[in-house]
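Have a look at the structure below before the remarks.
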Amino acid sequence: MAYKIMKYSNKLDDNNSSYFSTLFHGIDGSKHVPTDVWVEAIKKWCIDGSWGTRYLSGIHVLPTYADAAIYLENFDDPTDKVIVLCEVKNYRKKMHARSPVYLADKIKIISEVSPPNWLEHIHIGEVAWLV
Numbered sequence: 027m028a029y030k031i032m033k034y035s036n037k038l039d040d041n042n043s044s045y046f047s048t049l050f051h052g053i054d055g056s057k058h059v060p061t062d063v064w065v066e067a068i069k070k071w072c073i074d075g076s077w078g079t080r081y082l083s084g085i086h087v088l089p090t091y092a093d094a095a096i097y098l099e100n101f102d103d104p105t106d107k108v109i110v111l112c113e114v115k116n117y118r119k120k121m122h123a124r125s126p127v128y129l130a131d132k133i134k135i136i137s138e139v140s141p142p143n144w145l146e147h148i149h150i151g152e153v154a155w156l157v
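Following the numbering used here, the numbering of the sequence shown begins with 27 at its first residue and continues without gaps.
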């Protein structure tokens, strides 16, 4: 299991359901990612813009809820983003990342998740120290 930051859309899809979408790159030509369905990354060699490091692409995931909550602080506007729990297959550490980011070949979104009870009462900056 892993966690992923997604955008939540209150727009309705063809089945009259709201949906999650990727933050940056789409998967198979779409940013819409269904729940309970395995989706596969298109693997290709990429160059990281900040460091110019080459890496094999994948779907970005984080190992814990606390890691995802801390990573969420990187965004100027986190109000349209949620943390989802997902199953992952064939994942590897993104070696040059500053955060504990992993790249998965496949994910299946289970659902949006809420903070664990102990996390609700701690400022995110304190979580980094606890983890």
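Positions of the beta carbon are idealized from the N, C-alpha and C atoms, including for glycine.
Going straight from the alpha carbon of residue i to that of residue j, what length do you get?
i	j	result
R80	C72	5 Å
T61	E138	10 Å
Y14	P141	No answer is possible for residue 14: the residues shown for the chain start at 27 and end at 157.
D93	M32	14 Å
L88	Y29	5 Å
I135	E113	7 Å
K120	Y34	25 Å
Is it the case that the CB of residue i approaches a heavy atom of the ligand ZN more closely than 7 Å?
i	result
V139	No copy of the ligand ZN appears in this structure; indeed no ligand is present at all.
Measuring alpha carbon to alpha carbon, tell me which of the options ends up nearest residue i.
i	options	result
S47	L129, I85, V127	I85
K115	W64, H51, S125	W64
Look up residue i in the DSSP assignment and say whether it is helix, strand or coil.
i	result
I135	strand
L98	helix
A92	helix
T61	strand
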